[in-house]
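Protein chains in written order, with my numbering: chain U, 3 to 352; chain L, 3 to 352; chain R, 3 to 352.
Below: one structure, written as structure tokens.
Shown next as structure tokens:
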């Protein structure tokens with residue numbers, strides 16, 4: 003797949019500055035560019051690399067003015083970053099993801115069916131009464147339990163495990179080792195100190211355009227459904243407990259976790275290693291900083307939280323700044339005490 | 003599986019208030035009840051839903067007195083919550099978990115055997131000299147290494163990986179992606195800065211009634227055994243390091259971790275994302291709150307710990323309450339300093 | 003495999019004190035020794051067990067002088083701990099790890115090849131154009147994507163998933179459930195609040211002697227490579243994001259995570275549940291204590307960090323010590339305020 007700069011400029015709706023017939027066949031970061039590769043410049047911090055890069059072509063913003071001579075051909079576009087992303091997508095579409103057909107041995111139970119253009123890898127397992135849409139990729143060693151429904155254009159990477167009754171929309175991507183629909187952690191304490199399992203009879207619903215990172219776990223509901231709304235993106239090694247609901251377009255970074263029955267709003271940003279206690283309500287557009295622990299519901303939209311237990315980011319940072327000076331504060335209090343003690347006699351003196 | 007209210011009341015040892023012949027075939031939360039479903043009311047906070055629910059029947063406590071008219075039939079029992087749990091169990095027993103037999107292809111090595119009523123899913127792998135009891139369910143893509151012993155009535159969900167020499171009791175449930183018996187993290191630093199692996203030759207013992215959540219890992223011992231005692235319940239994505247021992251009926255929530263050689267007592271409650279350092283001793287009935295980090299052994303039973311490094315919950319909360327006011331404290335100290343400075347001259351004045 | 007004490011002493015370059023013909027066939031901790039087992043004493047804390055152990059032989063340091071009579075035969079060596087580790091290795095080499103050959107069904111795509119002495123377990127999947135070296139062990143249910151390259155003497159435990167284009171050196175060990183090469187968490191926010199996936203086109207490089215614990219995830223780079231340098235050891239359930247680079251001989255304990263594009267130096271020690279933010283630079287020989295959260299790059303080598311956000315260990319501990327006394331500090335401030343208030347009148351009195 004070799005392209006001329008001109009062909010790429012046409013794809014990106016851009017204009018070429020330099021030799022339109024130069025050919026490129028690889029994509030590279032500007033600081034790692036080599037002859038035959040195309041790169042981009044968006045963040046001004048990287049501008050210096052433009053003057054030294056070995057890349058054959060660089061995508062830049064329309065209004066960009068070089069301060070030194072540039073060896074590479076330039077493709078000028080409205081927004082270099084977006085254009086480059088479009089290019090990456092095209093590249094990926096052409097260079098992979100085209101696999102389809104059925105590898106053997108694979109297993110499909112009674113009453114299951116799937117649409118056209120599906121890939122079913124070797125050692126994949128599909129239970130009974132499973133419904134799978136069009137152009138779904140089921141990689142090797144994936145498990146899909148009974149009565150699961152999967153929409154169109156989903157990708158289940160190797161080793162994904164889907165428990166029975168799960169409902170998955172269109173355009174969902176689940177990375178290797180993801181578990182969806184495992185039992186919620188529900189046990190009733192008994193008088194003798196042991197625990198009795200509370201049956202977990204609900205399921206999980208993933209709406210359209212959900213992406214879930216490797217080895218993340220989403221438990222089924224005790225009753226009803228654990229729901230991950232449209233456009234939610236979950237990173238790796240995340241824990242979503244039973245009966246949780248995550249609102250549209252919320253994103254969560256790696257190793258964060260949400261306890262049972264908490265409801266997270268839309269367009270929230272939850273950073274890495276965050277913990278959210280059970281039965282909380284988190285409004286839309288909430289941001290929770292890394293390693294924070296949320297223990298209370300919030301009333302207001304758009305807050306930024308920090309700390310464990312978490313409160314608002316700005317006061318948290320102010321408190322933490324003083325925390326760093328605590329030994330000094332203690333000394334100042336001790337000095338004050340001494341001074342006040344010395345003052346004391348004067349009080350009764352006059 | 004359709005039942006009359008009367009049949010259900012008999013099962014639960016309860017009495018019917020309303021039409022005994024009403025039929026139900028589904029279970030629902032009271033706020034989501036629909037015709038043909040049965041629900042329950044235990045927590046008074048949900049009482050209002052009783053007067054509006056579409057559920058055909060609701061299980062309530064014997065002594066409950068409705069404040070408004072109720073459309074649903076009532077089943078009165080001693081303890082509505084426990085009765086409902088019983089009902090869920092019956093439902094689950096009847097609606098699933100009945101799978102047995104051997105799907106092909108599956109693999110079983112020389113000298114391995116299993117009892118009656120076993121399910122071995124497609125693509126499951128059983129090594130050599132493995133002993134498996136009665137009514138064990140081994141789902142697809144499970145791996146069981148050589149010399150493993152598994153008791154009766156265990157369930158190994160898809161993709162569970164059991165390393166060699168592991169010993170598992172009766173009635174254990176391991177969810178998808180669980181790893182038991184992987185090498186402990188033991189490396190001896192060398193003079194050149196590299197690390198030399200310390201062979202991990204021990205195993206893991208899971209006693210009876212242990213349940214382990216999805217993608218949780220239990221490492222084998224360096225020598226001897228990592229031991230999870232009877233009735234222990236581990237949530238998802240937990241890390242149990244080599245030579246750890248967890249006492250009877252202790253429960254751990256998601257994403258918590260225990261470092262090497264620590265011994266946890268019985269009936270402890272360890273919340274989510276807790277970390278416990280290595281070589282510690284935690285007495286019985288200890289409670290550790292979410293995201294806490296335990297760095298020291300405890301002497302006394304029944305303590306509640308919080309914070310990182312953790313200390314007792316009440317003083318921690320008191321300290322944290324003041325932490326939130328630290329900027330104010332700093333100001334008050336500064337004011338004091340100013341005042342005392344202004345006072346000073348008076349000291350030498352009189 | 004039964005050995006005389008004399009044979010073992012010769013292997014370890016040691017001298018026997020006691021009956022050289024005593025036979026042992028098992029290894030045990032000194033406090034759990036039994037007849038027929040051999041143990042070791044290195045840590046003086048365990049010396050008392052030497053006088054009561056049932057082990058037939060105990061390895062001790064050359065210069066060790068027993069304070070009481072010892073029943074076991076002694077093998078004196080230069081360094082008892084190192085000698086014992088050598089013994090464990092020999093034991094492991096002889097008692098396992100010798101498996102080779104191809105179990106069926108297993109899958110290998112077109113253009114893939116492997117060297118001599120390889121084990122390919124049942125239900126393992128090797129894609130197209132994969133290159134695998136000599137004496138590699140690929141356990142059951144392992145997935146290896148297209149164009150992956152694996153060196154000699156690697157071990158991929160059951161269920162390991164390697165995405166396409168990954169490059170793995172020699173002598174690497176990946177434990178069950180490890181995922182290497184999954185997509186980095188890269189999404190560009192759109193004006194309508196949704197997120198658009200940024201294609202992840204890079205790969206992962208694991209250099210020689212890398213060991214990765216169970217269910218740990220290493221994401222591929224957006225472009226270029228996520229790189230784990232020679233001798234790095236990662237524990238279980240760790241998250242390594244896209245474009246991270248980890249320097250030679252750095253070790254990370256369980257459940258820690260590194261965000262995108264951060265570069266970690268050589269010979270660092272990162273304890274459990276640590277979080278490292280994105281785009282940071284961590285110099286060589288940095289130590290980060292458990293549960294800490296690093297939010298800023300460091301300039302200096304060899305620092306010890308603690309807390310979240312982390313700063314240097316000693317000042318952190320000093321601040322935390324005062325944190326524990328905060329309620330008392332508040333009281334002292336209140337007392338001071340009262341005293342100063344009472345002083346005030348004296349100021350204007352004289």
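From the three backbone atoms N, C-alpha and C, an ideal C-beta is built for every residue, glycine too.
Tell me the rounded alpha-carbon separation between residue 214/R and residue 139/U. What you label residue 214/R is simply residue 212 of the third chain in a count that begins at 1. What you label residue 139/U is simply residue 137 of the first chain in a count that begins at 1. Taking the straight line joining both Cα atoms gives about 28 Å.
Three-way DSSP call (helix, strand, coil) for residue 109/U in this model: In the first chain, counting from the first residue as 1, residue 109/U sits at position 107. Of the three classes helix, strand and coil, the one that applies to residue 109/U here is strand, per DSSP.
I need the DSSP call for residue 65/U, collapsed to helix, strand or coil. One-based indexing of the first chain puts residue 65/U at position 63. Coil, per DSSP.
Going by the CB atoms, is the gap between residue 216/R and residue 256/U shorter than 8 Å? In the first chain, counting from the first residue as 1, residue 256/U sits at position 254. In the third chain, counting from the first residue as 1, residue 216/R sits at position 214. Taking 8 Å as the Cβ cut-off, residue 256/U and residue 216/R do not qualify as a contacting pair.
Which of helix, strand or coil DSSP assigns to residue 351/R: By one-based count along the third chain, residue 351/R stands at place 349. Because residue 351/R carries a pLDDT of 43, less than 50, the predicted location of this residue cannot be relied on, and the following value inherits that uncertainty. In the structure shown, residue 351/R sits in coil (DSSP, three-state: anything other than H, G, I, E or B).
Taking 8 Å as the cut-off, decide whether the C-beta atoms of residue 253/R and residue 266/R are in contact. To locate residue 253/R, count along the third chain from 1; it is residue 251. To locate residue 266/R, count along the third chain from 1; it is residue 264. In this structure, residue 266/R does not lie closer than 8 Å to residue 253/R by Cβ.
By the 10 Å Cβ neighbour count, where 16 or more other Cβ atoms means buried, how is residue 202/U classified, buried or exposed? As a first step, residue 202/U must be located in the first chain, where it is residue number 200. Buried is the call here.
In the DSSP output, what is residue 2/U paired with across the bridge? Since the first residue shown for chain U is 3 and the last is 352, residue 2/U is missing from the structure and cannot be characterised.
Here's the rule I'm using: 16 or more other beta-carbon atoms within 10 Å means buried, otherwise exposed. How should residue 190/R be labelled? Position 188 of the third chain, counted from the start, is the residue given in the question as residue 190/R. Exposed.
Using only CA atoms, which one of 320/U, 324/U, 319/U lies nearest to residue 321/R? Indexing the third chain from 1 puts residue 321/R at position 319. Measuring C-alpha to C-alpha distances from residue 321/R to each of 320/U, 324/U, 319/U identifies 324/U as the nearest.
Name the chain L residues whose beta carbon is nearer than 7 Å to that of residue 255/R? Working through the third chain from its first residue, we reach residue 255/R at position 253. Near residue 255/R (Cβ distances below 7 Å), the residues of chain L are 187.
Just mark residue 168/R as buried or exposed, buried being the case when its beta carbon has 16 or more other beta carbons within 10 Å. Within the third chain, the letter at position 166 stands for residue 168/R. Buried, by the Cβ-count rule.
Starting from residue 14/L and walking both ways along the alpha helix (DSSP H), at which residues does that stretch end? Along the second chain, one-based indexing puts residue 14/L at 12. Element bounds for residue 14/L: 7-14.
Per the contact definition of three or more C-beta pairs closer than 8 Å, is the segment 46-55 of chain U in contact with the segment 103-115 of chain U? no
Rounded separation between residue 55/R and residue 28/R - CA only: For this step, residue 55/R is matched to residue 53 along the third chain. For this step, residue 28/R is matched to residue 26 along the third chain. About 14 Å.
Can you check whether the C-beta of residue 26/U is within less than 8 Å of a C-beta belonging to chain A? In the structure shown, chain A does not exist; the protein chains are U, L and R.
To the nearest angstrom, how far is the alpha carbon of residue 342/U from that of residue 342/R? Position 340 of the first chain, counted from the first residue, corresponds to residue 342/U. Position 340 of the third chain, counted from the first residue, corresponds to residue 342/R. If you take the alpha carbons of residue 342/U and residue 342/R, they lie about 7 Å apart.
Chain L partners of residue 200/U, CB-CB under 9 Å? By one-based count along the first chain, residue 200/U stands at place 198. Near residue 200/U (Cβ distances below 9 Å), the residues of chain L are 87, 90, 91.
Determine the contact status of residue 30/R and residue 41/R, defining contact as a CB-CB distance below 8 Å. Taking the third chain and counting its residues from 1, one reaches residue 30/R at position 28. Taking the third chain and counting its residues from 1, one reaches residue 41/R at position 39. A contact, by the Cβ cut-off of 8 Å.
Residue 110/U: which of 248/U, 84/U, 145/U, 79/U sits nearest, CA to CA? Residue 110/U sits at position 108 when you count from the first residue of the first chain. With distances taken between Cα atoms, residue 110/U lies closest to 145/U.
State the start and end residues of the unbroken beta strand (DSSP E) segment that holds residue 19/U. Here residue 19/U refers to the residue found at position 17 of the first chain. Element bounds for residue 19/U: 17-19.
Name the chain L residues that come within less than 8 Å of residue 157/U, Cβ to Cβ? Locating residue 157/U in the first chain gives position 155, where the first residue counts as 1. Within 8 Å Cβ-Cβ: nothing; residue 157/U doesn't reach chain L, min ~18 Å.
When you compare the CB of residue 29/R with every CB in chain L, is at least one pair closer than 8 Å? For this step, residue 29/R is matched to residue 27 along the third chain. So yes, residue 29/R belongs to the interface.
Return the residue from the list 326/R, 327/R, 295/R that minimises the CA-CA distance to residue 314/R. For the purposes of this step, residue 314/R is taken as residue 312 along the third chain, with counting starting at 1. Selected option, being the one with the closest Cα: 295/R.
Would a C-beta distance cut-off of 8 Å place residue 228/U and residue 234/U closer than the cut-off? On the first chain, position 226 is the one that residue 228/U refers to. On the first chain, position 232 is the one that residue 234/U refers to. Cβ atoms of residue 228/U and residue 234/U: not closer than 8 Å.
Just checking my contact of residue 134/L with residue 117/L at CB under 8 Å: how many whole Å lie between their CB atoms? For the purposes of this step, residue 134/L is taken as the residue at position 132 of the second chain. For the purposes of this step, residue 117/L is taken as the residue at position 115 of the second chain. Here residue 134/L really is in contact with residue 117/L; their C-beta atoms are around 7 Å apart, less than 8 Å.
What residues of chain U sit near residue 231/L, judged by a beta carbon separation below 7 Å? For this step, residue 231/L is matched to residue 229 along the second chain. Those within 7 Å of residue 231/L in chain U number zero; the least Cβ separation is about 11 Å.
Name the DSSP bridge partner or partners of residue 314/L? Taking the second chain and counting its residues from 1, the one referred to as residue 314/L is at position 312. Answer is 307/L.
Would you check if the distance between the CB atom of residue 77/R and the CB atom of residue 4/R is smaller than 8 Å? As a first step, residue 77/R is located in the third chain; it is residue number 75 there, counting from the start. As a first step, residue 4/R is located in the third chain; it is residue number 2 there, counting from the start. No, these two residues do not count as a Cβ contact at 8 Å.
Exposed or buried, which one is residue 100/L when buried takes at least 16 other CB atoms within 10 Å? Locating residue 100/L in the second chain gives position 98, where the first residue counts as 1. It is exposed - the Cβ of residue 100/L has fewer than 16 other Cβ atoms within 10 Å.
Quick one: does residue 10/L have its CB under 8 Å from some CB of chain U? Residue numbering aside, residue 10/L sits at position 8 when the second chain is read from its first letter. For residue 10/L, the answer is no, since every Cβ of chain U falls outside 8 Å of its Cβ.
Express the C-alpha separation of residue 124/L and residue 128/U in angstroms, rounding to a whole number. Along the first chain, read from residue 1 onward, the residue named residue 128/U stands at position 126. Along the second chain, read from residue 1 onward, the residue named residue 124/L stands at position 122. About 10 Å.
Residues of chain R with CB closer than 8 Å to the CB of residue 332/U, please, in chain order. The residue given as residue 332/U occupies position 330 in the first chain. Neighbours of residue 332/U on chain R, chain order: 324, 327, 331.
If contact means a Cβ-Cβ distance below 9 Å, which residues of the segment 102-126 of chain R contact chain L? 105, 106, 107, 123, 124, 125
Go through its chain and collect everything with a Cβ distance to residue 8/R's Cβ below 8 Å, but skip five positions before and after it. Numbered from 1 along the third chain, position 6 holds the residue referred to as residue 8/R. These residues qualify, in order along the chain: 18, 22, 23.
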